[in-house]
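What follows is a single structure, written as structure tokens, with notes after it.
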């Protein structure tokens, strides 16, 4: 089930057309890749892949360590490893908390095509931005 975060749908989500599926243990961001999202090789632009991974990790931090999504987290660091091209089709990125505490959280995420191809992986550090 796709759930709208407590803070509402963001401008970025509207622009790119992604949805966020929230669960108590994390979040999955998914979108349909169209020609408008592609680079010169006809694959999903790497910056958009990074955006999906960052969004999945931030939402995961907020869900797991932010009182069920009510407290936002901001990205301090993100490292993305691009593993395979993503042609037009459906992609999803899922986050998982790997450590940290109350104010700082470590999260990882994987982005996969619908056929299961691992497109990219990321790790990030996120900071609680509200009490």
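In the numbering used here, the protein residues as written are 15 to 145.
C-beta: ideal position from N, C-alpha, C; glycine also.
Under the three-state reduction of DSSP, which class applies to residue 144: helix, strand or coil? The residue you call residue 144 lines up with position 130 of the chain shown. Residue 144 falls in the coil class under three-state DSSP.
Quick one: grab the DSSP three-state call for residue 100. In the chain shown, residue 100 corresponds to position 86, counting from 1. The answer is coil: DSSP assigns residue 100 none of H, G, I, E or B.
Could you say which of 24, 142, 105 lies nearest to residue 123 if we only look at CA atoms? For this step, residue 123 is matched to residue 109 along the chain shown. For residue 123, the nearest C-alpha among the options comes from 105.
Short of 7 Å in beta carbon distance, which residues of its chain neighbour residue 119, apart from the five on each side in sequence? Order them along the chain. Residue 119 sits at position 105 when you count from the first residue of the chain shown. Cβ within range, chain order: 75, 79, 87, 111, 140.
With three or more beta-carbon pairs closer than 8 Å as the criterion, would you say the region 127-139 touches the region 57-70? yes
Please identify the residue among 32, 113, 97, 84 whose C-alpha is closest to the C-alpha of residue 144. Residue 144 sits at position 130 when you count from the first residue of the chain shown. Comparing Cα positions, the closest option is 84.
Where do the N-terminal and C-terminal ends of the alpha helix (DSSP H) with residue 46 fall, by residue? By one-based count along the chain shown, residue 46 stands at place 32. No alpha helix (DSSP H) contains residue 46, which is instead part of the beta strand (DSSP E) from 40-47.
List, from N- to C-terminal side, the beta strand (DSSP E) runs of 3 residues or more that fit wholly inside the region 60-113. 87-96
Flag residue 111 as yes when its Cβ comes closer than 7 Å to any non-hydrogen atom of the ligand PLP, and as no otherwise. In the structure on display, the ligand PLP does not appear, and there are no ligands present to speak of.
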